[in-house]
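Numbering (our numbering), first residue to last: 44 to 789.
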C-alpha cells in the first residue's frame, strides 16, 4: 500500500495539501549561462513572491530578480533539479540534496496555492481600483497558466484512474477465482488497498475538476470587465487621435497662412538706404554655419520689404528678368510647352476609393516594403523605372551646363539639376510599381530635347535598376540605384543607395553624387505628406571641385522656409565661390562670393564664416502642374506622357505591363488580379533559378548568375565600386525590331 501511495505525484496532485511555512529561505544554485554555469544564490519565498540575491547581505539593498508564484509553473526534474516558468521566462534551479529540493517544491506549491486564492478573493471583493486595473493583463496571464496547470493535473489524474481501475478489476477477477482458498484473506487485503487507492485518485480528480471550474467561473466576470475596459480605452484613443489630427491640420494651415517674418526682411522695412543694401542672412543656421552679406551693386535698385525675396541677396519675383538669368541663355518658356502639346496632357481621373492604409501597413513595421505584396490602391500608375526617368524633367539645365566655360558655374547648374529631381515628389505620396526582373523602360526624346534614356531592372532582391541617358547636346548620365525602404510606424523611409554619374563631352568633367532620403509622414492618421532630408556631396572628379547641399528636414518650430536647400560650391583648394539657396519644391538660386571673413561664434560655439556675395541669380524654377493634376495623381507634364502607349518599344517595356495599364484606366480590381498573377509568376521563376543553382552546386558545376540584357556589371578601380553600365545594343535592336532575346515577363 505504501509503495502504491508513493507512486502518486503528491507534490503536484490537486487535493493533497502539504503544510508549509509562509516564508522559506535558503541557498539554491541558479543557471546563469554556458560560461558560468550554475551560480549560488540566496532565495527568499515570502508573500507569494520568490526573490533571489547574490548574498544574504544584498537583501537590504539589491534584489536580483522576483518571480510571482501566482502565475508560475513548477516542474521537478532529476537529481535535485527544478524549473520555474513565469511571464515567458524559465529559471533553472538546483538544490544541494534531494530532501532540500523536496522542501523547496512543497513550499513553492503551497505559496502558489495561497497566492492564487488571494487573487480569487480580491476578484470577489468588488470593482477594481486604478492599481488593480494596471495588473489586469498580468493577472489574466497568470489565470490562463493556472488553468493550463489544472488541465495537466486532470490529465494526470485521468491516467492514474485508468491505471488503478484496471488493477482493481484484475484483483476482483482474482478474488472470484480464489474463493475458498487459504490465501483469500491476502487477496481481499490487496483488493481493499487498490480500492482505497482508486478512491484517492478519484477524489483527486473530483477536486481538480472543482478547482478548474471555480477558477474559470471566478475569473469570467473579471475578464468581461477587462474586455469592456479595453473596448472603452480603444474608443477613447481613436477619438483622441482623430482630434489630434484635426488640430494638427488646423495648426499647419494657420502656420502656412501666417508665416513668421525673417529678421532680414524686417530690418529692410525699417532701415534707410544703407541699411537695406547691407543685409545679413543666416543661410545655414542648422548645420555648416555661414552668413551671406549682400553687396550693393550698380544694377541693384531699392525695393520694399514686401517685394524682396527671402533668399540671400533679394531676388525679384519675376524669375524671367534678364538680370537674373545666370548662364540661362535658353530659359524654359513657350517653346518647351509647345513641344509637350504634341503628347497627351491628361490621363483618366483617379477613382475616389476610400483607403485604409493603416489596416495593411500595421503588420509591416520594420520591414522592407519591396518584399511585401501591396495592392495597387497605394500605387500610382507608373513603375519605379519611370519614376527614375523623371529625373530628366529639367534636362535643359544640363544642356546649359554643357555650354559653360567655367567648371564652377557648371557645378552650380549640376547642383540645381540634382535638386530639381525632387520637385515632382511634393504631392506624390503613392508608391510606384515595383518593376519585374528584366523589365525595361525607354524614353526617346531625341527630336524634342536631344536625349535618349533606357532603364532596366537588373535585380529583384534587393530591387535595383540601371539607367543610361545620352544627349546630343553634350552630356551623358548613368546611374545604378538600389532602393531600401522601411516602415517605422508613423512614417515610411525610402533610402536610394548608389551613385549618379554625369559626364560632359567637350570638357570631360565627370560629376558624381547620390540621392537623399525620402520620408512619407502621417501613415497612421492625418494627411500624408512627403519630405526630403539629408546631404548631397557633388564631386567633379576631373577638377576636384565640390558642392555640399543640405536638405533641411521639415519642422514646425523652425523659422526657415520649409523644404529649404542650401549649399556651397568650392574649388579643389577648398575656397568657396558660390552660395546656393532655395527649396527642393520650387527653385534654386546662386550668389557669387566676393569676400569672406570669420564672424562671431554660432550656437555651439563654432565660428561662422561670413560670405559677402553679389545679388542672387536664378538657376532653376519649377514648372506649374497641369490643370486637374490633383485628380491625376499630381503628375507633372512629363509624368503624364511617361506611360503613353508607343509603338516599337521592347516587349518588356513598362508601358505594356497589364496591371499598371489597368490601374491607369481606373480598373483597380482587375489590376489587382493581374498584379497578383505577375508576382506569383516572378516568385515561381525565382524558385526555379534557386533550384537550378542548388543542383549546379551539387554537381560541382558553375552557378549561372542572372545577366541583364542591356547592362553589365563593371568595377570602377578608381572609385572602388561595382555598378551596372550600359553595354549597348538596345536602340539598334529597336531599329531592327529584333526583340527575340527579350523574356516574356508580362
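Even for Gly, the Cβ is constructed at its ideal location relative to N, Cα and C.
With at least 16 other beta carbons inside 10 angstroms of its own, residue 158 counts as buried.
Leaving aside the five residues that flank residue 233 on each side, the residues in its chain whose CB is nearer than 8 Å to its CB run, in chain order, 214. Apart from the 5 residues on each side of it in sequence, residue 120 sits with its Cβ closer than 7 Å to the Cβ of 126 in its chain, given in chain order. Looking only at 606, 563 and 612, the smallest Cα-Cα distance to residue 586 is reached by 612. The secondary-structure analysis by DSSP pairs residue 608 across a beta bridge with 594 and 625. Only exposed fits residue 77, as fewer than 16 other CB atoms lie within 10 angstroms of its CB. Annotated as distal: residue 624 and residue 596, with beta-carbon spacing of 8 Å or more. The three-state secondary structure of residue 583, taken from DSSP, is strand. Separation of the CB atoms of residue 388 and residue 683 is rounded to 6 Å, and the pair is thereby assigned contact status at 8 Å.
491 is the residue among 467, 231 and 491 whose C-alpha sits nearest the C-alpha of residue 385.
Here residue 779 is exposed, its C-beta having fewer than 16 other C-beta atoms within 10 Å. For residue 509, the enclosing beta strand (DSSP E) covers residues 507–514. In the structure shown, residue 546 adopts extended strand secondary structure according to DSSP, grouped into three states. Residues of the same chain with a CB within less than 6 Å of the CB of residue 105, apart from the 5 flanking positions on each side, do not exist. Beta-bridge analysis with DSSP links residue 619 to 613.
For residue 730, the enclosing alpha helix (DSSP H) has its first and last residue at 711–741. When 238, 136 and 446 are compared, the shortest CA-CA separation from residue 209 is found for 238. Sequence-distant Cβ neighbours of residue 561 in its own chain, meaning closer than 7 Å and more than five residues away, are 468, 537, 573 and 575.
With contacts defined as CB atoms closer than 8 Å, residue 633 and residue 455 qualify as a contacting pair. Sequence-distant partners of residue 606 (beyond 5 residues in either direction) whose C-beta falls short of 6 Å from its own C-beta, in its chain, are 626, 627 and 628.
Taking the C-beta atoms as reference points, residue 552 is found nearer than 8 Å to residue 450. Residue 98 carries a coil assignment under DSSP once its states are collapsed to helix, strand and coil. Taking 8 Å as the cut-off, the Cβ atoms of residue 657 and residue 630 do not count as close. The beta carbon of residue 717 sits closer than 8 Å to those of 701, 702 and 705, all from its chain and outside the five residues before and after it, given in chain order. Under DSSP, no beta-bridge partner is assigned to residue 541. Boundaries for residue 421: no alpha helix (DSSP H) harbours it, and the DSSP string shows neither H nor E there. For residue 559, no alpha helix (DSSP H) run applies, since DSSP gives it neither H nor E.
Shown here for residue 687: same chain residues with a beta carbon closer than 8 Å to its own, the five before and five after excluded, namely 386, 387 and 698 in chain order. The DSSP-derived three-state label of residue 241 is helix. Contact between residue 66 and residue 93 does not hold, since their C-beta atoms are separated by about 11 Å, which reaches or exceeds 8 Å.
In this structure, the straight-line span from the alpha carbon of residue 770 to that of residue 437 is close to 26 Å.
Between the region 661–678 and the region 484–500, the count of Cβ pairs shorter than 8 Å is below three; the stretches do not touch. Here residue 394 is not near residue 708, since their CB atoms are 8 Å or more apart. When beta bridges are read from the DSSP output, residue 112 appears opposite no residue.
Look at residue 126 here: in three-state DSSP terms it is strand.
By the Cβ neighbour-count rule, residue 297 is exposed, with fewer than 16 other Cβ atoms within 10 Å of its own.
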